[in-house]
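To start, the structure itself, in structure tokens.
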Amino acid sequence: MSGRNKFSELREAFLNDPERGVARREEIEALGRAYGALVALHELREAAGATQADVAHDLGVSQPYVAKLEKRGDMSLTTLSSYLAALGGRLEVRAIFPEHPEENVALALPAADSTAGRESLSGK
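Written out as structure tokens, the structure reads:
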């Protein structure tokens with residue numbers, strides 16, 4: 000055994016600790032959702048029938064970069080939008096205001112053109 004705890008075990012121990020505040024619990028839950036989204040990136044790619052090499056070709060980056068991207072915990076919206084565009088999708092962002100639902104908005108981000116995607120993804 001590597002001596003590491005599974006994320007789910009750490010999360011449960013943290014959330015069940017009565018000493019922790021609600022805000023911190025919400026932060027951990029948000030991190031858990033982000034972790035779930037990372038798994039979804041490779042699942043989306045596989046469901047689209049694309050390989051990492053296919054996505055890399057469409058984005059003008061290397062296959063190892065796509066592998067790293069799929070494991071990343073944080074990325075820009077431009078990078079995510081470009082990744083999804085390579086799979087034939089598009090990114091939509093929703094802003095939710097629980098106390099003022101009439102102000103909720105959904106934003107559809109245009110797919111980045113190939114030049115912008117390459118610059119964003121390659122870090123240039």
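For reference, each letter of the sequence shown is one residue, going 0 to 123 in numbering that gives the first Met the number 0. Don't be surprised by glycine CBs; every beta carbon is placed ideally from N, CA and C.
A contact between stretches requires three or more CB pairs, one per stretch, nearer than 8 angstroms, and the stretch 59-68 fails this requirement with the stretch 89-106. Per the C-alpha coordinates, the member of 39, 45, 43, 7 positioned closest to residue 28 is 7. The beta carbons of residue 86 and residue 39 sit no closer together than 8 angstroms. In this structure, the alpha-carbon of residue 79 lies about 26 angstroms from that of residue 97.
With fewer than 16 other Cβ atoms from the protein chains shown falling within 10 Å of its own Cβ, residue 75 counts as exposed.
For residue 83, the enclosing alpha helix (DSSP H) starts and ends at 76-85. Here residue 93 is exposed, its C-beta having fewer than 16 other C-beta atoms within 10 Å. Beta-bridge partners of residue 93 (DSSP): 105. Bounds of the alpha helix (DSSP H) holding residue 53 are 51-58.
Cβ-Cβ separation between residue 64 and residue 52: approximately 11 angstroms, too far for a contact (criterion under 8 angstroms).
Residue state for residue 47 is assigned as coil, using DSSP reduced to three classes.
A residue is called buried when at least 16 other Cβ atoms come within 10 angstroms of its Cβ; residue 84 meets this threshold and is buried.
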